[in-house]
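When you read off a place in the sequence shown, starting at 1, and then add 54, the result is the number in this note's numbering. Just so you know, even glycine gets a beta-carbon here, dropped at the ideal spot from N, CA and C. None of these values were measured; they are calculated from a predicted model.
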Amino acid sequence: GATRIRQLRVAAGRCPVQQNIQTLIPECNVQYSWSNEDTEPYQTNWTSTINASLPSEWTYSSQAELRGYPYVGSIAVYAGGGYIKVFKLSSLDELNALKNSNWIDKYTRAVFLEISLYNAQVDVFTSVTFLSE
55 GATRIRQLRV
65 AAGRCPVQQN
75 IQTLIPECNV
85 QYSWSNEDTE
95 PYQTNWTSTI
105 NASLPSEWTY
115 SSQAELRGYP
125 YVGSIAVYAG
135 GGYIKVFKLS
145 SLDELNALKN
155 SNWIDKYTRA
165 VFLEISLYNA
175 QVDVFTSVTF
185 LSE
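1. Identify the continuous alpha helix (DSSP H) that holds E119 and give its terminal residues.
2. How many angstroms separate the CA atom of N99 from the CA atom of E111?
3. Looking at the secondary structure, which residues open and close the alpha helix (DSSP H) in which A151 lies?
4. Express the C-alpha separation of P95 and Y172 in angstroms, rounding to a whole number.
5. Look at the alpha carbon of T57 and the alpha carbon of L185, and state the distance between them as a whole number of angstroms.
6. Assess contact between the region 56-71 and the region 124-140, defined as three or more Cβ pairs (one per stretch) separated by less than 8 angstroms. Is contact present?
7. For E148, collect the residues of the same chain with a Cβ closer than 8 angstroms to its Cβ; drop the 5 residues on either side in sequence, then sort them by chain order.
8. On a Cα-Cα basis, can you pick out the residue from W157, Y161 and T183 that is closest to L167?
9. Count the other CB atoms, across all protein chains shown, that sit within 10 Å of the CB of G122; report buried if there are 16 or more and exposed otherwise.
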């Protein structure tokens, strides 16, 4: 079946740092919430872009587009959307490409590994979700 990795991120610049301590702490990151979720399109390495025809791993897909649902984790309740990459059967090169382009970075708050399996003997589909917060 299909295997997909999905991440949810927070937008940069959501918590300003006081000017008198910016040399010590140049930026801060907020906790995940639906209101802090990043949904902007990007180029490789999370570079800003205005081009909407980018690969799915750099373009946000909504919960409705993915037919997703909220997921309750230990730290937060995560939306069913996100930045996704659907893997082919032999996907080690694709996984390494994501790693080399810093697909998971300091703004990543949750990574889901979602796998669909089919058992032909009993004609049953199974969906498995792993979450790393």
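Concretely, from the data shown:
1. Segment Q117 to L120, the alpha helix (DSSP H) holding E119.
2. N99 and E111: Cα-Cα distance of roughly 11 angstroms.
3. Run containing A151: L146 to N154, per the alpha helix (DSSP H) assignment.
4. Taking the CA atoms as reference points, Y172 sits about 33 angstroms from P95.
5. Near 14 angstroms, if we compare the C-alpha coordinates of L185 and T57.
6. They touch, by the three-pair rule.
7. Shown here for E148: same chain residues with a beta carbon closer than 8 angstroms to its own, the five before and five after excluded, namely K139, F141 and K142 in chain order.
8. If we check each option's Cα against that of L167, T183 comes out closest.
9. Result: buried.
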